[in-house]
């Protein structure tokens, strides 16, 4: 629109997929261990600071953000899926499956709850919390009503 500056593709991708909170953490941690009189203040995403973080053993480099935001979750997903596959193939402790059904049902119930919250995130918000109204039926209607675009 008129009067707004255009944002480049790199800035758009960083805004969507960057690790902003982790950069704040790196800035705090890297500034704690440094001698500010000798090395200066550490600033994320600057050539000088990032190069220093690469060769210093007491600083987090830029790869830390990627590892925290993407790699660790992918690794945990692989480990979890491997464990679930192993649990499906061999029953826990050699017990028959009819004795393990309670634990399996609890796990399935947990997955259903997580999926419901993922599909309907408005469930976690209470619009009537500070209004003074106590309308449980109104809240249920509000939670499952699709938003108008």
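Residue numbers (my numbering): 9 to 157.
No residue lacks a Cβ here, since even glycine has one placed at the ideal position from N, Cα and C.
Since the structure is predicted, the reported quantities are computational estimates derived from the model, not experimental observations.
Quick one: Cα of residue i to Cα of residue j, how far?
{"i": "residue 5", "j": "residue 53", "result": "It is not possible to answer for residue 5, since the shown part of the chain is limited to 9 through 157."}
{"i": "residue 29", "j": "residue 103", "result": "45 Å"}
{"i": "residue 44", "j": "residue 51", "result": "12 Å"}
{"i": "residue 107", "j": "residue 94", "result": "18 Å"}
{"i": "residue 76", "j": "residue 47", "result": "26 Å"}
{"i": "residue 82", "j": "residue 40", "result": "30 Å"}
{"i": "residue 112", "j": "residue 92", "result": "11 Å"}
{"i": "residue 12", "j": "residue 25", "result": "22 Å"}
{"i": "residue 117", "j": "residue 110", "result": "11 Å"}
{"i": "residue 36", "j": "residue 49", "result": "10 Å"}
{"i": "residue 63", "j": "residue 84", "result": "28 Å"}
Under the rule that 16 or more other beta-carbon atoms within 10 Å means buried, what is residue i, buried or exposed?
{"i": "residue 67", "result": "buried"}
{"i": "residue 101", "result": "exposed"}
{"i": "residue 80", "result": "exposed"}
{"i": "residue 19", "result": "exposed"}
Are the CB atoms of residue j and residue i within a distance shorter than 8 Å?
{"i": "residue 125", "j": "residue 131", "result": "yes"}
{"i": "residue 61", "j": "residue 38", "result": "yes"}
{"i": "residue 27", "j": "residue 59", "result": "no"}
{"i": "residue 34", "j": "residue 72", "result": "yes"}
The ligand PLP heavy atoms versus the CB of residue i: any closer than 7 Å?
{"i": "residue 16", "result": "Among the components of this structure there are no ligands whatsoever, and the ligand PLP is therefore not found."}
- alpha helix (DSSP H) runs contained entirely in the segment 50–121, provided each spans 4 or more residues: 55–63, 71–74 and 80–97
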